[in-house]
Amino acid sequence: MVVVACGSVSSIKALWETRIKRVQEEKEDQTKSPRSRLSVGAWEDRAILARLKEKLQTEEGRLVLRIEQEDWKSLPGCLIQFTQVQEWQIHRTGLQKIPQFISSFQNLIVLDLSRNGVSEIPKPIGQLTRLKELLLSYNRIESVPEDLSGCESLERLELAMNRDLSELPDQLRNLKKLNHLDLSMNAFSFMPDCLLHMPALEWLDMGGNCLECLPEDIDRMETLHSLWLQRNELQRLPENIIRMQNLSTLVLSSNRLSDIPPLMEDMSRLRFVNFRDNPLSLEVTLPGKRRKSSEDEDEEEEEEEEDRELFGREFMQLYIQEARKRAHAFLNMHRANSLHPSL
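Every letter in the sequence shown is one number past the one before it in the working numbering, and letter 309, counting from 1, is 366.
Next up, the structure:
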C-alpha cells in the first residue's frame, strides 16, 4: 500500500512539473515575441532615419531635405525627428499625401513637393507661419483649404497643372505678403475674387484655364506688373485694364479676342504684350526693315523681327492706329451719305 501511494505521488508530481514547465515556456515565448517585433520595428526606423539623413544637405545656410526620383509614396513618422529642416525638396517620388505632422516643422521656409501625386493640402499646413514658398505644381490637388490663409509669411504659391483645381477660398485674401501666384493649366472659369484683394501680388499666371472674361474691377490689382492669360477663352478685355498703371507684362496669346481696346495705347509702362493667335478683326502687318547684305546681319534682323512680333507693343499701337483710321473713314462716309443720300 505504501509503495503504491509513493508511486502515485511521484507520478502526480512529475505531471505537474511538466505542466508548469510548459506554462513557463509559453510565457517566455509571449514575452519574447513583442520584444522581437519591437526590435525589428526599431531596426527599420533606424534604417529609414539613416536613409533620410543621407538626404539632408546644407545649401545657402539652410538645412534642406532633398529627395528626387525615388519611391516615397508616403513619408515615415520618424521624419518628425528632423523638425530643424528649413526646406523640403521632394520631386518625382510618387508622394500621395502630405503628412498631418507637417505642422511640427515650424522652421520650414520652403515646401517644394512639385511633380508628385499629392491630392490634398492638409489643414495643419496653415500653422506654418514662417513658410515663404509653397510649390505644389504638377500634382492632383482639387481644392485649397481656407486654413492656408494662416501662412502669413507666404510670398510664393505655385499650383500649376493640377487640372481639376477651379477655385480658391476667399480667405486667401489674408495672404498679405503673397507676390507670386501660379494657377496655370487648371480649370478656372473665372478669376477668384480673393486675387483682387492681395495687396502685394505682383506676378500672376492663369494661362491654360477656361477664363471667358475678366473682372470689371481688375484695376484693383494695383501692384500687379505681370499678368499671363494665354490659352484661355477671353473674348474681350475690361475697360479698367487701362488703369493698371504698374502692368508691364500682359500675355493674351491664343484667346478669342476680336479687338484691342484703343485706350491701351496710353498704358505707358506696358513693355511686353502678346496678342498672337487671336481672331482680331483687323489684319495688321508690321513694316519690314531693309535687309542687310551680311548673312549674320540677316539672321540678326530675323531675330529682331521675331522679338518685335513676340513682344507685340509695336503691333498693338499700329493696330489701334489702324482701327482709328478705319473708324474715322467710316464716320466720314456715313456723314457724306447723310448729306448726299443720292450719291
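A virtual CB, placed ideally from N, CA and C, is assigned to each residue, including glycine.
Handout entry: Check whether Lys180 and Glu209 have beta carbons under 9 Å apart
Key = Mapped onto the sequence shown, residue 180 falls at position 123. Mapped onto the sequence shown, residue 209 falls at position 152. Contact: no.
Practice task
Confirm, please, whether the CB-CB distance from Asp323 to Leu337 is below 9 Å.
Solution key: As a first step, residue 337 is located in the sequence shown; it is residue number 280 there, counting from the start. As a first step, residue 323 is located in the sequence shown; it is residue number 266 there, counting from the start. Contact flag unset, no.
Exercise for the section: Determine the direct distance from the alpha carbon of Pro202 to that of Pro226, and round the result to whole angstroms. Expected result: Residue mapping note: residue 226 aligns to position 169 of the sequence shown, counting from 1. Residue mapping note: residue 202 aligns to position 145 of the sequence shown, counting from 1. Whole-angstrom Cα-Cα distance: 7 Å.
Exercise for the section: Sort out for me which residues DSSP pairs Glu116 with in a bridge. Expected result: Translated into positions along the sequence shown, residue 116 becomes position 59. Paired residues: Arg119.
Problem - Glu279 classed as buried or exposed, judged by whether at least 16 other C-beta atoms fall within 10 angstroms - result: Taking the first residue of the sequence shown as position 1, residue 279 is located at position 222. The Cβ neighbour count for Glu279, taken over all protein chains shown within 10 Å, is under 16; the residue is labelled exposed.
Handout entry: Sequence-distant residues of its chain with Cβ nearer than 8 Å to Val22 (five each side left out)
Key = Residue 22 lies beyond the residue range present for the chain, which begins at 58 and ends at 400; the question has no answer from this structure.
Exercise for the section: Return the CA-CA distance between Gly264 and Glu127, expressed in angstroms with no decimal places. Expected result: As a working mapping, residue 264 is identified with position 207 in the sequence shown. As a working mapping, residue 127 is identified with position 70 in the sequence shown. Approximately 31 Å, taken between the alpha carbons.
Practice task
Return the first residue and the last residue of the beta strand (DSSP E) that Gln302 is part of.
Solution key: Translated into the one-based positions of the sequence shown, residue 302 becomes position 245. For Gln302, there is no enclosing beta strand (DSSP E), since its DSSP letter is neither H nor E.
Practice task
Compute the Euclidean distance between the alpha carbons of Ile182 and Phe162, then round it to the nearest angstrom.
Solution key: Mapped onto the sequence shown, residue 182 falls at position 125. Mapped onto the sequence shown, residue 162 falls at position 105. C-alpha separation (whole angstroms): 9 Å.
Handout entry: Assigned secondary structure, Phe247 (DSSP; H/G/I helix, E/B strand, else coil)
Key = Within the sequence shown, the letter at position 190 stands for residue 247. In the structure shown, Phe247 adopts coil according to DSSP, grouped into three states.
Practice task
Would you mind working out which of Leu238, Ser241, Glu212 sits nearest Val167, comparing C-alpha positions?
Solution key: As a position in the sequence shown, residue 167 is number 110, starting the count at 1. Cα-wise, what sits closest to Val167 is Glu212.
Handout entry: Extent of the continuous beta strand (DSSP E) to which Trp145 belongs
Key = To locate residue 145, count along the sequence shown from 1; it is residue 88. Counting along the chain, the beta strand (DSSP E) containing Trp145 begins and ends at 144-148.
Problem - Sequence-distant residues of its chain with Cβ nearer than 6 Å to Asn312 (five each side left out) - result: In the sequence shown, residue 312 corresponds to position 255, counting from 1. Asn289, Leu291, Asn335.
Problem - Secondary structure of Trp129, DSSP reduced to three states - result: Against the sequence shown, residue 129 aligns to sequence position 72. Residue state for Trp129 is assigned as coil, using DSSP reduced to three classes.
Practice task
Alpha carbon to alpha carbon, how far is Leu281 from Gln302? Give it in angstroms, no decimals.
Solution key: Locating residue 302 in the sequence shown gives position 245, counting from the first residue. Locating residue 281 in the sequence shown gives position 224, counting from the first residue. Taken atom to atom, the span from the alpha-carbon of Gln302 to that of Leu281 is near 9 Å.
Handout entry: Terminal residues of the beta strand (DSSP E) in which Arg213 lies
Key = Residue 213 sits at position 156 when you count from the first residue of the sequence shown. Its beta strand (DSSP E) spans residues 213-215.
Exercise for the section: Quick one: using the 10 Å Cβ neighbour count with 16 as the cut-off for buried, is Ser325 buried or exposed? Expected result: Walking along the sequence shown from the start, residue 325 turns up at place 268. It is exposed - the Cβ of Ser325 has fewer than 16 other Cβ atoms within 10 Å.
Problem - Glu209, DSSP secondary structure in three states - result: Start at 1 with the first residue of the sequence shown, and residue 209 comes out as number 152. DSSP, read as helix, strand or coil, puts Glu209 in coil.
Practice task
Pick helix, strand or coil for Glu37, following the three-state DSSP scheme.
Solution key: Shown here, the chain extends from 58 to 400; a query on residue 37 therefore has no answer.
Exercise for the section: Could you check the C-alpha separation between Arg347 and Arg370 for me, to the nearest Å? Expected result: Within the sequence shown, numbered from 1, the residue matching residue 347 stands at position 290. Within the sequence shown, numbered from 1, the residue matching residue 370 stands at position 313. Note that Arg347 has pLDDT 48, beneath the 50 cutoff, so the model's placement of it is unreliable and the number below is only indicative. Approximately 21 Å between the Cα atoms of the pair.
Practice task
Determine the extent of the beta strand (DSSP E) in which Phe403 is found, giving its start and end residues.
Solution key: Given a span of 58 to 400 for the chain in the structure shown, any question on residue 403 remains unanswerable.
Practice task
With a 10 Å radius around its C-beta and 16 neighbouring C-beta atoms as the bar for buried, classify Arg328 as buried or exposed.
Solution key: Taking the first residue of the sequence shown as 1, we reach residue 328 at position 271. Exposed, because fewer than 16 other Cβ atoms sit within 10 Å of the Cβ of Arg328.
Problem - Unbroken beta strand (DSSP E) run spanning Val341, endpoints - result: Position 284 of the sequence shown holds residue 341. First-last for Val341: undefined, no H or E at that position.
Handout entry: Per-residue burial, Gln114 [other beta carbons within 10 Å of its own, 16 or more giving buried]
Key = Along the sequence shown, one-based indexing puts residue 114 at 57. Exposed, by the Cβ-count rule.
Exercise for the section: Ignore the nearest five residues each way along the sequence and tell me which others in Leu284's own chain have a CB closer than 6 Å to its CB. Expected result: Locating residue 284 in the sequence shown gives position 227, counting from the first residue. Excluding residues within five positions, the ones whose Cβ falls inside 6 Å are Leu261, Leu307.
Problem - Status (buried if at least 16 other CB within 10 Å, exposed otherwise) for Leu214 - result: Counting from one through the sequence shown, the residue named residue 214 turns up at place 157. If you draw a 10 Å sphere on the C-beta of Leu214, you find 16 or more other C-beta atoms in it, and that means buried.
Exercise for the section: Please report the residue range of the beta strand (DSSP E) in which Val167 lies. Expected result: Position 110 of the sequence shown, counting from 1, holds the residue named residue 167. From DSSP, the beta strand (DSSP E) with Val167 extends over 167-169.
Problem - CB of Arg197 within 9 Å of CB of Arg220, strictly - result: Mapped onto the sequence shown, residue 197 falls at position 140. Mapped onto the sequence shown, residue 220 falls at position 163. In this structure, Arg220 lies closer than 9 Å to Arg197 by Cβ.
Handout entry: Residue range of the unbroken beta strand (DSSP E) whose run includes Asp262
Key = To locate residue 262, count along the sequence shown from 1; it is residue 205. First-last of the beta strand (DSSP E) with Asp262: 260-262.
Exercise for the section: Excluding the 5 residues preceding and the 5 following Arg123 in the sequence, name in chain order all residues of the same chain whose CB lies nearer than 7 Å to its CB. Expected result: Along the sequence shown, one-based indexing puts residue 123 at 66. Excluding sequence neighbours, Arg123 sits near Lys112, Gln114, Gln146.
Problem - Buried/exposed call for Ala217, threshold 16 Cβ in 10 Å - result: Locating residue 217 in the sequence shown gives position 160, counting from the first residue. The residue is buried, with at least 16 neighbouring Cβ atoms inside 10 Å.
Practice task
Closer than 6 Å by C-beta to Glu190: which residues in its own chain qualify, once you throw out the five before and the five after it? Chain order, please.
Solution key: Within the sequence shown, the letter at position 133 stands for residue 190. Only Val167, Arg213 meet the Cβ criterion.
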